[in-house]
Amino acid sequence: MCIGVISTYRRRSFTTLTAAMTSETTATIIDGKSVAKQIKDEIASEISRMKETTGIVPGLAVILVGDRKDSATYVRNKKKACEAAGIKSYEAKLPEDSTEEEVLKFISEFNDDPSVHGILVQLPLPRHMNEETILNAVRIEKDVDGFHPLNIGRLAMRGRQEPLFVPCTPKGCIELLHRYGIDIKGKRAVVIGRSNIVGMPAALLLQREDATVSIIHSRTKNPEEIARQADIIISATGQPNMVKGSWIKPGAVIIDVGINPVDDPASPRGYQLVGDVCYEEACKIASAITPVPGGVGPMTIAMLLSNTLISAKRVHNFE
Ligand SMILES: Nc1nc(=O)c2c([nH]1)NC[C@@H]1CN(c3ccc(C(=O)N[C@@H](CCC(=O)O)C(=O)O)cc3)C=[N+]21
Ligand SMILES: [Mg+2]
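According to our numbering, the sequence shown is numbered sequentially starting from 10.
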């Protein structure tokens, strides 16, 4: 059984099961962890080739403000992944009650430091800070998260200057589709969630891949009906198990970005991670699905390393 919260997306209850739900079909599990490992290995060998020929190694600076446990874990994992790939990592840790100016000062130092090719400001920032002010301060040439408005604007406009970086999580989703040989062109794609860091850029990327894209959000009137038209669903809502089997067209491909902790006294950490999609139900209906954990999460980190390498190659004219 899939447990979940009552969300504003879910306005009706579902009593009918689709035919596919009762049959014995099983989806392909899209193994993000192993694809991410493969990509990280590719990056590591590119970095050693770069180091041998130019003597330069890519550098990534991470700015962490406050003491959220999840953020500290993510930052630690990014640091480990950098070391494994041969990227030099720099870290600025600031207390929760720091001022915006203090954060901006670190950004400015990293902006001016030629050994830093990428700057990541871990989100969310403390509530008293203006995220926009801070993200805008990152030089676009070092914006490896792809969150600067100029990079997002360029992502939205086609046939003009290309963005210098594409946001890591959506880029990882598309990369998974490509590596599993899943056609996007002409397909109906539905993105669930419209956040600046995942949903919105995911929709833009799918459009660039020639999908026909709809976005479902908290005010959408008939989300289930719209989702059920999708050949490809990318879900990024942060609502555990919100997407039921009844939302899924038989044979659809499901990319589940949600990483939601749900209380579980039986597990050693006291919680269990679940996606936005009711995995058990979806497995019986979808043709392919990403698990949580082990799906999109590891790809996000792989894409961050990839963007950092792209940045270093670009400044040093290394092909
Ligand atoms: N400026 C910024 N850029 C980000 O890219 C960014 C951020 N802020 N804030 C938080 C979110 C979240 N995020 C994740 C990265 C990796 C995993 C990941 O590797 N997850 C593993 C392990 C999960 C676990 O066991 O804890 C998995 O899904 O298999 C998850 C989540 C990046 N984010
Ligand atoms: Mg993300």
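By construction, the Cβ of each residue, glycine as well, lies at the ideal position given by its N, Cα and C atoms. Note that the coordinates shown come from a computational prediction; the quantities given were computed from them, not determined experimentally.
> Quick one: what does DSSP say lysine 293 is sitting in, helix, strand or coil?
Replying inline: coil
> Three-state secondary structure (DSSP) at glutamate 105?
Replying inline: coil
>> Quick check on the burial criterion: 16 or more other C-beta atoms within 10 angstroms. Buried or exposed for methionine 251?
In response: buried
> Which full runs of the alpha helix (DSSP H) of 4+ residues lie inside the stretch 70-122, going along the chain?
Replying inline: 78-94, 109-121
> Would you call leucine 73 buried or exposed, if buried means 16 or more other Cβ atoms sit within 10 Å of its Cβ?
Replying inline: Here leucine 73 is buried, its C-beta having at least 16 other C-beta atoms within 10 Å.
> glutamine 248 lies in the beta strand (DSSP E); which residues open and close that run?
Replying inline: Element bounds for glutamine 248: n/a, residue is neither H nor E.
> In or out: proline 232 buried (at least 16 other Cβ within 10 Å) or exposed?
Replying inline: buried
> Just to check, is the beta-carbon of proline 210 closer than 8 Å to a non-hydrogen atom of ligand 1?
Replying inline: no
> Which term fits methionine 138, buried or exposed, when burial requires 16 or more other beta carbons within 10 angstroms of its beta carbon?
Replying inline: buried
> Considering only C-alpha positions, which residue in the set Ser315, Asn145, Lys151 is nearest to valine 125?
Replying inline: Lys151
> threonine 221 lies in the beta strand (DSSP E); which residues open and close that run?
Replying inline: 221-225
> Mapping DSSP to helix, strand and coil, what is arginine 217?
Replying inline: DSSP places arginine 217 in the helix class (H, G or I) of the three-state scheme.
> Do valine 301 and ligand 1 come close, with the Cβ less than 8 Å from some heavy atom?
Replying inline: yes
> Any heavy atom of ligand 1 within a distance shorter than 8 Å of the CB on tyrosine 288?
Replying inline: For tyrosine 288, the CB stays at least 8 Å from every heavy atom of ligand 1.
> What are the boundary residues of the beta strand (DSSP E) that glycine 127 is part of?
Replying inline: 127-130
> Excluding five sequence neighbours on each side, which residues of the same chain lie with their C-beta closer than 6 Å to the C-beta of asparagine 316?
Replying inline: Val153, Phe174
>> Just to confirm my understanding: we take glutamate 171, look at its own chain, exclude 5 residues before and 5 after, and list those with CB closer than 8 Å. What are they?
In response: Arg163
> Using a Cβ-Cβ cut-off of 7 Å (strictly less than) and excluding sequence neighbours within five positions of arginine 94, which residues of its own chain qualify?
Replying inline: It should be pointed out that residue 94 corresponds to alanine in this sequence rather than to arginine. Answer for alanine 94: Lys49, Ile52, Ala53, Ile56, Leu314, listed in chain order.
>> What does the alpha-carbon distance come out to for the pair glutamate 289 and isoleucine 38?
In response: Going by the C-alpha atoms only, they are around 12 Å apart.
> For glycine 267 versus serine 296, is the C-beta distance shorter than 9 Å?
Replying inline: No. Outside cutoff.
> In angstroms, rounded to a whole number, what distance separates the CA positions of proline 210 and aspartate 272?
Replying inline: 30 Å
> Is the stretch 214-233 in contact with the stretch 273-284, if contact means three or more CB pairs nearer than 8 Å?
Replying inline: Touching, no.
>> In whole angstroms, give me the CA-to-CA distance for alanine 261 and isoleucine 241.
In response: Distance between the alpha carbons of alanine 261 and isoleucine 241 is about 6 Å.
> Roughly how far, in whole angstroms, is the beta-carbon of proline 302 from the beta-carbon of leucine 282, given that I think they are within contact range, below 8 Å?
Replying inline: That pair is a contact at about 5 Å.
>> Less than 7 Å between C-beta atoms, sequence neighbours within five positions excluded: which residues of the same chain meet that for glutamate 111?
In response: Leu103
> Counting Cβ pairs, one atom from each stretch, are 3 or more of them under 8 Å apart for the stretch 118-136 and the stretch 73-83?
Replying inline: Using a C-beta cut-off of 8 Å, the stretch 118-136 makes contact with the stretch 73-83, since at least three inter-stretch Cβ pairs fall below that distance.
>> Just verifying my parser: in three-state terms, what is the DSSP assignment at glutamine 281?
In response: strand
> In this structure, does DSSP put asparagine 139 in helix, strand or coil?
Replying inline: Correct three-state label for asparagine 139: coil.
> Can you tell which of Val207, Gly247, Ile224, Thr246 has the C-alpha that lies nearest to the C-alpha of arginine 237?
Replying inline: Ile224
>> I need the straight-line Cα distance from glutamate 184 to alanine 198, nearest angstrom please.
In response: If you take the alpha carbons of glutamate 184 and alanine 198, they lie about 15 Å apart.
>> Please state whether the Cβ-Cβ distance between lysine 89 and glutamate 100 is less than 9 Å.
In response: At the C-beta level, lysine 89 and glutamate 100 stay beyond 9 Å of one another.
> Taking 8 Å as the line, does the beta carbon of phenylalanine 156 fall inside it for any heavy atom of ligand 1?
Replying inline: Result yes, Cβ under 8 Å from ligand 1.
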